[in-house]
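Asker: Numbered as in numbering that gives the first Met the number 0, the sequence shown ends at 305 without a single skipped number.
This is the structure I have questions about; it appears just below.
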Amino acid sequence: MGARVSSRIRSERIVVLGASGYVGTATVHALAESAGRTSVVAVVRDPSSEKAQAAFGKLSGVEVVAGDMGAPESLEAGLAGATRAFIVVPGHHERTQLALNALDAVKRAGVRSVLMLSVCTAEREDTIFGSQFAPIEAAVKASGLDYTIMRLPMFMDNNYGHAASVKGQKALYGPVPAAMTHNPIAVADVGAAAAALLTKPRSFRNRTVTISTPPTAFGDELAAAMSAAVGTDVSYVEVPYEAAKEAFMGMGMPEWQVDGILELFKSIAAGEPELNVPGNFLEIVGRDPMTLREWVAANAAAFKGE
Numbered sequence: 000m001g002a003r004v005s006s007r008i009r010s011e012r013i014v015v016l017g018a019s020g021y022v023g024t025a026t027v028h029a030l031a032e033s034a035g036r037t038s039v040v041a042v043v044r045d046p047s048s049e050k051a052q053a054a055f056g057k058l059s060g061v062e063v064v065a066g067d068m069g070a071p072e073s074l075e076a077g078l079a080g081a082t083r084a085f086i087v088v089p090g091h092h093e094r095t096q097l098a099l100n101a102l103d104a105v106k107r108a109g110v111r112s113v114l115m116l117s118v119c120t121a122e123r124e125d126t127i128f129g130s131q132f133a134p135i136e137a138a139v140k141a142s143g144l145d146y147t148i149m150r151l152p153m154f155m156d157n158n159y160g161h162a163a164s165v166k167g168q169k170a171l172y173g174p175v176p177a178a179m180t181h182n183p184i185a186v187a188d189v190g191a192a193a194a195a196l197l198t199k200p201r202s203f204r205n206r207t208v209t210i211s212t213p214p215t216a217f218g219d220e221l222a223a224a225m226s227a228a229v230g231t232d233v234s235y236v237e238v239p240y241e242a243a244k245e246a247f248m249g250m251g252m253p254e255w256q257v258d259g260i261l262e263l264f265k266s267i268a269a270g271e272p273e274l275n276v277p278g279n280f281l282e283i284v285g286r287d288p289m290t291l292r293e294w295v296a297a298n299a300a301a302f303k304g305e
């Protein structure tokens, strides 16, 4: 009996589609640390790229395979023999179709369980991100597969974008009133939650979960955390949405994505509930998520110096 159980456990094969992005990389690393005898496959467009090699080259027990959601047939090799798959929906203007391509490939491959990335505003079809993810969630629920939908809020890691202004001006800039709250999450914690959902899928079968922190003040808490981390006062300065858009566009972000982010900011400013959901992280991972102050303290070096 024991040998048969061991054989079954060894046969588990978890595939992460779209593994080279922040969420995919964090998930693969978390799986590599926790999956034990389960095999892990990271599907990326170019396994030989410097990005893929830097992300996965030193990980043991991880197979890196070529595959592109834009060419669904290319996903077949990576999905062969898979028992579970995580579809990491990319930050692309055609991501609805890319996710649906990946879901079809998962079904054709006979994979029995899928984890799908989504966003907290998926039910807001009047928004850019909501209109992209609502059809994805509907397709997953209608797929006939065992599924978990994992909704995400804004990432704490986006705060790296404040590094230059914190170093040079001791200031943070944003269009949201400082005291309004939201529920950001660290990318590393997203990876931990995804790995937990992939390794114990029956506990969250056919559920939609949210991975987030308890609500925290958008500007006030971030300014306080930055001040403590760098050892000097850092202020939060509210700016017009037009100025925020100009800054994001200046970073090279596509306009559709900038407009989607600004919609999130407006939702936070309006106190809408989607971005204040405490979430299921503790239930899934068995510990509390990293707080904003803890994230800033852990990454303080990025915000110090000239």
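C-beta atoms are modelled at their ideal positions from N, C-alpha and C, and glycine is treated no differently.
So, are the CB atoms of Ala223 and Ala178 less than 8 angstroms apart?
Answerer: The answer is no: Cβ separation not under 8 angstroms.
Asker: By Cβ distance, which residues of its chain are closer than 8 angstroms to Ala297, with the 5 residues on each side in sequence left out?
Answerer: Contacts found: Met289.
Asker: Pick from Thr26, Ile13, Val14 and Ala18: whose alpha carbon is nearest that of Ala192?
Answerer: The residue with the shortest Cα to Cα distance from Ala192 is Thr26.
Asker: By a C-beta neighbour count over all protein chains shown, 10 Å radius and 16 as the cutoff for buried, is Tyr159 buried or exposed?
Answerer: The residue in question, Tyr159, is exposed, as its Cβ has fewer than 16 Cβ neighbours within 10 Å.
Asker: Report buried or exposed for Gly167, applying the criterion of at least 16 other Cβ atoms within 10 angstroms of its Cβ.
Answerer: With fewer than 16 Cβ atoms within 10 Å of its Cβ, Gly167 is classed as exposed.
Asker: Would you tell me roughly how many angstroms separate the C-alpha atoms of Ala133 and Asp156, rounded to the nearest one?
Answerer: Roughly 25 angstroms separates the two Cα atoms.
Asker: Using a threshold of 8 angstroms, state whether the C-beta atoms of Met149 and Leu99 are closer than that.
Answerer: No.
Asker: When burial is assigned at 16 or more other CB atoms within 10 Å of the CB, is Met225 buried or exposed?
Answerer: Flag for Met225 reads buried.
Asker: Could you tell me the alpha carbon to alpha carbon distance between Val105 and Asp67, rounded to whole angstroms?
Answerer: Using only the alpha carbons, I get a separation of about 13 angstroms.
Asker: According to the Cβ coordinates, are His181 and Pro213 closer than 8 angstroms?
Answerer: Not in contact: His181 and Pro213 (Cβ atoms no closer than 8 angstroms).
Asker: Give the straight-line distance between the Cα atoms of Gly80 and Ala195, rounded to the nearest whole angstrom.
Answerer: Whole-angstrom Cα-Cα distance: 20 angstroms.
Asker: Name the one or two DSSP bridge partners that Ile86 has.
Answerer: According to DSSP, which records beta bridges pairwise, Ile86 is partnered with Leu16 and Met115.
Asker: So, does the stretch 86-93 touch the stretch 119-129, judging by three or more C-beta pairs under 8 angstroms?
Answerer: Contact fails: fewer than three Cβ-Cβ distances are below 8 angstroms.
Asker: Whose C-beta lies closer than 7 angstroms to the C-beta of Gly304 among residues of the same chain, with five residues either side of it excluded?
Answerer: Cβ neighbours of Gly304 beyond the five flanking positions: Lys166.
Asker: Pull up the DSSP beta-bridge partners for Pro173, would you.
Answerer: Note on identity: in this sequence residue 173 is Gly, with Pro being the wrong assignment. Answer is Glu237, bridged to Gly173.
Asker: Which stretch, first to last residue, makes up the alpha helix (DSSP H) that contains Ile127?
Answerer: From DSSP, the alpha helix (DSSP H) with Ile127 extends over Ile127 to Lys140.
Asker: CB-CB under 7 angstroms to Val63, same chain, minus the five flanking residues each way: which ones, in chain order?
Answerer: If we look at Val63 and ignore the five residues flanking it on each side, its Cβ neighbours are Ala41, Val43, Pro46, Ala51 and Phe55.
Asker: Take the Cβ of Arg12 as the centre, count every other Cβ of all protein chains shown within 10 Å, and call the residue buried at 16 or more, exposed below.
Answerer: Arg12 is buried by the Cβ-count criterion.
Asker: What whole-angstrom Cβ distance do Asp145 and Asn205 have, given they're in contact under 8 angstroms?
Answerer: Between Asn205 and Asp145 the Cβ distance is about 7 angstroms, and since that is below 8 angstroms, they are a contact.
Asker: Going by the CB atoms, is the gap between Ala70 and Leu78 shorter than 8 angstroms?
Answerer: Taking 8 angstroms as the Cβ cut-off, Leu78 and Ala70 do not qualify as a contacting pair.
Asker: Does the beta-carbon distance from Ser33 to Thr82 come in below 8 angstroms?
Answerer: Not in contact: Ser33 and Thr82 (Cβ atoms no closer than 8 angstroms).
Asker: Run through the DSSP bridge pairs and tell me what His181 is partnered with.
Answerer: According to DSSP, which records beta bridges pairwise, His181 is partnered with Thr215.
Asker: Counting C-beta neighbours from all protein chains within 10 Å, is the total for Ser48 16 or more, i.e. buried, or is it exposed?
Answerer: Its Cβ having fewer than 16 others within 10 Å, Ser48 is exposed.
Asker: Measure the beta-carbon distance from Ala162 to Ala301 and round it to whole angstroms, keeping in mind my assumption that it falls under 8 angstroms.
Answerer: Rounded, the Cβ-Cβ distance is 5 angstroms, consistent with contact.
Asker: I'd like to know whether the C-beta atoms of Gly190 and Ile86 end up nearer to each other than 8 angstroms.
Answerer: In this structure, Ile86 does not lie closer than 8 angstroms to Gly190 by Cβ.
Asker: Does DSSP classify Leu58 as helix, strand or coil?
Answerer: Reduced to three states, the DSSP call for Leu58 is coil.
Asker: Among the residues of its own chain, which have a CB less than 7 angstroms from the CB of Ala228, if the five just before and after it don't count?
Answerer: So the list reads Val295, Ala296, Ala299 and Phe302, once near-sequence residues are dropped.
Asker: Rounded to the nearest angstrom, what separates Leu102 and Asp258 at their Cα positions?
Answerer: Whole-angstrom Cα-Cα distance: 27 angstroms.
Asker: Using a threshold of 7 angstroms, is the CB atom of Leu30 nearer than that to any non-hydrogen atom of the ligand ZN?
Answerer: No copy of the ligand ZN appears in this structure; indeed no ligand is present at all.
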